[in-house]
Amino acid sequence: TPIYGRKLAERMLAREDGVGGGGGGGGVRGEKLVQSSKIRHILAGVSAHARCLELGAHVNLLNEDEIWELVSSRECRGKQEINLSGWVNPTSGALRSIALALGAGLEKIDLSKSYISDAMVQGFVVRLFSLRHVSFAGCPYITNAAVSTIAGTCSACLESIVLSDCPNITGEALGWLAGTIGASGSPCVKLRAISVERCVLVNDDGLKSLAKGCKKLHHLNLAGTSVTNGGIATLARGCRQLRVLNLYGCQHVSDGGVLSVAKRCRLLRSLNIGRLDGLTDISLTALGQNCLQLQALNVAGARACTEGGLYFLASNCKGMHTLNLTGCEEITVRGLRALITALGPEYLMEARTYFGFMPKPNALIQRMRDQHAIIENLAAQKIQRAYNGILARRKGRVERRRIRLNTAALIIQLSFEHWKKRKAQNIMLLRDLEERTAVQIQRTYRGMIGRCKYRLVKEEHDALMAKADYAVRIQTCFRAYHVRGGGGKWAAASRATDRARMLARLE
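Quick note on the working numbering: the sequence shown kicks off at 217 and runs consecutively.
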């Protein structure tokens, strides 16, 4: 605690006669020795490593100065929880001392069955920056004003609040916690647990506020309040994550409210619906159909519930370990034992203080062992499946590789055969081309030879024709010559020769 804070606390806690005054110095010194003796006696039972400072009945033996000396001591430094239950004569100064010394790290404070007032709460809660859990159970002077102060100051970190047996608490307090009332309208976003047990002024309006602003609520105790089926239905629509719900003794709640809870709050694990008027097997059937995680159920006083509804509930809720059937006239001891047999006699036993069953002393250990064995079995099965999967995948990879190799070999074989076929075709085409080329060359050569021979023959023919022409001309000239000069004999001889040839042909 800073020096300034300590001096401020000393001034706030100073008595009217003054500390360190001239005439009272000796008295104060003697009183200080008595205070130190008390503090040493209390601190003897305080562990330096414990989180909680348990004062309990000791707080009624201390005055403001002694409380300041206690909470500011080295042994109490860093405490995160403090128990002040049963504080009969709390004062604002003592509460401020606690807030100054422990407020920065204080997370939980128990003021149950104390006579604290709203003004005291408003005076010390402003220093509790990390408060998560607070209990005002059985505080007769606490009203909605104290709840509004806590909701406004600790809205960012508050997780649970207990207001049981506070006769002045109404549904407005739930509105402050849910953030539906007030100018800021800031809900307690981390709030998970609320108890307003036997607060008869709490009604459906408070449940409507919770349904709007506290949708992540897990634990809610409404035992002995004035809520009805309509409010429970609204709550179930908004707070679907409820795990624990206590409706014990809510006279205006019947099957309708339980049906709404069963249909929408499927994560429910503990439900207390004892002493409800008109509760029948309809509620048990709805719970068995929807709330499969139910573990604890109280239906005490449900005279209309029968063994058939309980059998249906037990057949679906396999994890149930606590059941209170006190006052259920239709349920017999034989039926109860049949339920225990159905759910597991190795875990359950007949309750001694009420009619029903409860877990055995070693049931938790046995169940943990069985669950551990089941987990080991499931783990072994998963490991086996994983190993089989690895083998199957490896085999699949080998098979796929073999298929790929075979496919590649087939493709290579087909490609090789296709290449051979193309090569043969190319050879045939080449040969055909060569033959065609040879034929063409042969034809060209023959044509060239023919043309050469033709030219030679033509030249010879032309030469012969020229010679013949020359000969004819010479012959003509010669004949003309003989005709012109002494050519009569030749002509006569020529005609005689021609006549002889003609006759020879005719013969």
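Even for Gly, the Cβ is constructed at its ideal location relative to N, Cα and C.
Next on the checklist: Are the CB atoms of residue 351 and residue 394 within a distance shorter than 9 Å?
Outcome noted: Taking the sequence shown and counting its residues from 1, the one referred to as residue 394 is at position 178. Taking the sequence shown and counting its residues from 1, the one referred to as residue 351 is at position 135. Residue 394 places its beta carbon 9 Å or farther from that of residue 351.
Next on the checklist: Counting C-beta neighbours from all protein chains within 10 Å, is the total for residue 464 16 or more, i.e. buried, or is it exposed?
Outcome noted: Here residue 464 is taken as the residue at index 248 of the sequence shown, counted from 1. Flag for residue 464 reads buried.
Next on the checklist: What residue range does the beta strand (DSSP E) around residue 275 cover?
Outcome noted: On the sequence shown, position 59 is the one that residue 275 refers to. Residue 275 -> no beta strand (DSSP E), and no H or E assigned at all.
Item to check | N-terminal and C-terminal residue of the beta strand (DSSP E) that residue 486 is part of | outcome: Position 270 of the sequence shown, counting from 1, holds the residue named residue 486. Boundaries of the beta strand (DSSP E) harbouring residue 486: 486-488, taken from the DSSP string.
Item to check | Own chain, CB closer than 7 Å to residue 406, minus 5 neighbours either side, in chain order | outcome: Mapped onto the sequence shown, residue 406 falls at position 190. Around residue 406, the same chain offers 373, 374 and 375 as residues with beta carbons nearer than 7 Å, after the five sequence neighbours per side are excluded.
Checklist entry - In the structure shown, what three-state DSSP assignment does residue 384 receive? => result If you number the sequence shown from 1, residue 384 lands on position 168. In this structure, residue 384 counts as coil in the three-state DSSP scheme.
Checklist entry - How big is the Cα-Cα spacing for residue 593 and residue 604? => result Residue mapping note: residue 593 aligns to position 377 of the sequence shown, counting from 1. Residue mapping note: residue 604 aligns to position 388 of the sequence shown, counting from 1. If I take the Cα positions, the gap works out to 16 Å.
Item to check | First through last residue of the alpha helix (DSSP H) which encompasses residue 497 | outcome: Residue numbering aside, residue 497 sits at position 281 when the sequence shown is read from its first letter. Here the alpha helix (DSSP H) through residue 497 covers 497-506.
Checklist entry - What do you get for residue 281, buried or exposed, if any count of 16 or more other CB atoms within 10 angstroms of its CB means buried? => result The residue you call residue 281 lines up with position 65 of the sequence shown. In the assembly as shown, residue 281 is a buried residue. Its beta-carbon has 16 or more other beta-carbons within 10 Å.
Checklist entry - Should residue 531 be labelled buried (16 or more other beta-carbon atoms within 10 Å of its own) or exposed? => result Taking the sequence shown and counting its residues from 1, one reaches residue 531 at position 315. Flag for residue 531 reads exposed.
Next on the checklist: Quick check on this structure: which residue in 528, 523, 492 and 524 has the alpha carbon closest to the alpha carbon of residue 507?
Outcome noted: Taking the first residue of the sequence shown as 1, we reach residue 507 at position 291. Proximity to residue 507 across 528, 523, 492 and 524 peaks at 528, based on C-alpha coordinates.
Checklist entry - What did DSSP end up calling residue 493 once you bin it into helix, strand or coil? => result Translated into positions along the sequence shown, residue 493 becomes position 277. Coil at residue 493, not helix or strand.
Next on the checklist: Given this structure, state the Cα-to-Cα distance separating residue 658 from residue 686, to the nearest angstrom.
Outcome noted: Position 442 of the sequence shown holds residue 658. Position 470 of the sequence shown holds residue 686. When rounded, the distance between both Cα atoms is 40 Å.
Checklist entry - Which partner residues does residue 574 have in the DSSP bridge list? => result Position 358 of the sequence shown holds residue 574. Its beta-bridge partners are 565.
Item to check | N-terminal and C-terminal residue of the alpha helix (DSSP H) that residue 365 is part of | outcome: Numbered from its first residue, the sequence shown carries residue 365 at position 149. Here the alpha helix (DSSP H) through residue 365 covers 360-369.
Checklist entry - Name the DSSP bridge partner or partners of residue 546? => result Against the sequence shown, residue 546 aligns to sequence position 330. BP columns for residue 546 are empty, so no partner.
Checklist entry - With distances taken between CB atoms, is the gap from residue 441 to residue 477 smaller than 9 Å? => result For this step, residue 441 is matched to residue 225 along the sequence shown. For this step, residue 477 is matched to residue 261 along the sequence shown. Not in contact: residue 441 and residue 477 (Cβ atoms no closer than 9 Å).
Item to check | residue 450: first and last residue of the uninterrupted alpha helix (DSSP H) it sits in | outcome: Translated into positions along the sequence shown, residue 450 becomes position 234. First-last of the alpha helix (DSSP H) with residue 450: 445-454.
Checklist entry - Alpha carbon to alpha carbon, how far is residue 337 from residue 509? => result For this step, residue 337 is matched to residue 121 along the sequence shown. For this step, residue 509 is matched to residue 293 along the sequence shown. So the two alpha carbons sit approximately 39 Å from each other.
Next on the checklist: Please identify the residue among 313, 324 and 331 whose C-alpha is closest to the C-alpha of residue 339.
Outcome noted: Counted from its first residue, the sequence shown places residue 339 at position 123. Residue nearest to residue 339 within the set 313, 324 and 331 is 313 (criterion: CA-CA distance).
Next on the checklist: Let me make sure I understand the geometry here. Which of 267, 610, 553 and 286 has the alpha-carbon closest to that of residue 257?
Outcome noted: Translated into the one-based positions of the sequence shown, residue 257 becomes position 41. Nearest Cα to residue 257 within the set 267, 610, 553 and 286: 286.
Next on the checklist: Bridge partners for residue 326 per DSSP, in chain order?
Outcome noted: Position 110 of the sequence shown, counting from 1, holds the residue named residue 326. Answer is 299 and 351.
Item to check | Environment of residue 637 [buried if 16+ CB atoms lie within 10 Å] | outcome: In the sequence shown, the residue the question calls residue 637 occupies position 421. Result: exposed.
Item to check | Residues near residue 499 by beta carbon distance below 6 Å, same chain, minus five either side | outcome: Reading the sequence shown from its first residue, position 283 is the one you call residue 499. Short of 6 Å from the beta carbon of residue 499, and not among the five residues preceding or following it, lie these beta carbons of its own chain, in chain order: 471 and 474.
Item to check | Coarse secondary structure for residue 588, derived from DSSP in three states | outcome: Numbered from its first residue, the sequence shown carries residue 588 at position 372. Residue state for residue 588 is assigned as helix, using DSSP reduced to three classes.
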